[in-house]
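Structure first, then comments.
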Amino acid sequence: MTSRPSGQGGADLSYDFITRPAYQHALLTGTTEFLRLMLRQVHAYGIDPASLIHALQNHDELTLELVHFWTLHAHDTFHYQGQTFPGNILREHIREEMYEKLSGEHAPYNLKFVTNGVSCTTASIITAALGIRDLSTISDADIQQIQHIHLLLVMYNAMQPGVFALSGWDLVGALTLPAEQVDHLMQDGDTRWIHRGAYDLVDLDPEAEFSAGDMPRPKTLYGSLVSQLQRPDSFASQLKKILAVRRAYDIAASRQILIPDVEHPGLLVMVHELPAGKGTQITALNFSSETIVETLHLPGIAPGPVVDIINERVEGDLTDQGEFTITLDAYEGLALRVVSTLPI
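Residue numbers (UniProt numbering): 1 to 344.
Quick look at the structure:
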């Protein structure tokens, strides 16, 4: 990330490489401090989150370049974990944490890509976060938890301003291919082929082990899109529900107004002003394996009932003092709207 001329004279949309590694860091560590720092950097440098493409998996590696701390701001100071770090030292600290938790002995099914990232799928990031070292041991209970966390990451990316993107690999819950299956494609060191396995969204050939282009088919956790849409509790069906709410409240066109401080290290809260006078929307995400009960402090927001807009239930009330108590189970996300009793 730079202090961007790109917001002034570059592309209309850019990939959110600013917070993408940061939200993965939040999942791998169970703490959101670095993610919160990066979200605030977005605003500090005048970048509108609505101009960014917030994505899950794509065809490339999970980049850990963290260019912002490598170049222009290498010697600027940043407050993190109670200490002050120069940008270049903070960068190395974050990279070391992520490499350790996401690859190597901890998760041998994910591979480093050259010097600036890790080849992995969204599902194999989640398995690493859960401490699953052998993908062949994944149980039905594990799949349910992986899906639950995958939907948390959907919530992070979709319940904020901007473009939301995901891949077919996300839709089927693809894991990485064993390296030996694509060894012939990795002779030049390009490990990204392990996360580019073939998939069949609509069951055209359920028994096929290779695509027409001769790519092997990886283990997938969720099933085809056709089978998932027949089950309301599937990944795709719940994704469909989240995206319908995103569209109904025009969250893509909202304005991010606050990334508040929180007490629990695993909690992230993003506050958005909805367009067309639809009020205030709050995205609250628990990146930890613990239940969180916390009173949020949201100054300057008109009080009123707080409604879960995905599950259509009242969660409580935002008081005149701007306080609201939230309860989140492990790895749970909530999309809330304050139904103001005052004119907006």
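Even glycine gets a Cβ: it sits at the ideal position worked out from N, Cα and C.
May I have the straight-line CA-CA distance separating residue i from residue j, to the nearest angstrom?
| i | j | result |
| --- | --- | --- |
| Gly131 | Asp142 | 11 Å |
| Ser288 | Ala174 | 23 Å |
| Phe78 | Thr84 | 5 Å |
| Arg246 | Ala252 | 7 Å |
| Pro305 | Pro161 | 23 Å |
| Ala330 | Ala26 | 13 Å |
| Leu28 | Asp317 | 32 Å |
| His73 | Thr325 | 37 Å |
| Val262 | Glu332 | 16 Å |
| Val42 | Leu204 | 43 Å |
| Ser167 | Phe235 | 13 Å |
| Phe34 | Glu207 | 43 Å |
| Gln144 | Leu243 | 20 Å |
| Pro230 | Asp308 | In the sequence as presented, Pro is not what sits at residue 230; that position holds Gln. Those two C-alpha atoms are separated by around 25 Å. |
| Leu185 | Trp193 | 7 Å |
| Gly300 | Pro265 | 24 Å |
| residue 354 | Gly322 | Missing from the structure shown is residue 354; the chain here goes from 1 to 344 and no further. |
| Gly277 | Leu258 | 17 Å |
| Ile47 | Asp320 | 31 Å |
| Tyr156 | Asp214 | 34 Å |
| Ile344 | Leu336 | With a pLDDT of 45 at Ile344, under the threshold of 50, the predicted position of this residue should be treated as unreliable, though the coordinate-derived value follows. Near 17 Å, if we compare the C-alpha coordinates of Leu336 and Ile344. |
| Tyr80 | Ala22 | 13 Å |
| Leu268 | Ala212 | 43 Å |
Is the beta carbon of residue i sitting closer than 9 Å to the one on residue j?
| i | j | result |
| --- | --- | --- |
| Gly223 | Val172 | yes |
| Met270 | Met159 | yes |
| Pro218 | Phe210 | no |
| Leu56 | Thr122 | yes |
| Tyr249 | Thr220 | no |
| Leu102 | Val118 | yes |
| Leu66 | Ile94 | yes |
| His195 | Leu177 | yes |
Go ahead and label residue i buried or exposed: buried means 16 or more other beta carbons lie within 10 angstroms of its beta carbon, across all protein chains shown.
| i | result |
| --- | --- |
| Thr291 | exposed |
| Lys240 | exposed |
| Asn311 | exposed |
| Thr191 | buried |
| Asp16 | buried |
| Glu180 | exposed |
| His150 | buried |
| Met1 | Low confidence applies here, because Met1 scores a pLDDT of 40, under 50, leaving its location unreliable and the question unanswered by this model. |
Does any residue of chain D have a CB that is nearer than 9 Å to the CB of residue i?
| i | result |
| --- | --- |
| Gly316 | Going by chain labels, chain D is absent from the structure shown, which holds only one protein chain. |
Quick check on the DSSP output: the alpha helix (DSSP H) that includes residue i runs from which residue to which?
| i | result |
| --- | --- |
| Glu209 | Segment: none, Glu209 is in no alpha helix (DSSP H) and carries neither H nor E. |
| Thr29 | Arg20 to Thr29 |
| His93 | Gly87 to Leu102 |
| Ala248 | Phe235 to Ala248 |
Hey, quick one: how far does the beta strand (DSSP E) through residue i stretch, first residue to last?
| i | result |
| --- | --- |
| Arg313 | Arg313 to Leu318 |
| Leu267 | Leu267 to Glu273 |
(request) Examine the Cβ distances between the stretch 112-130 and the stretch 45-63 and report whether three or more of them are shorter than 8 Å. (result) yes
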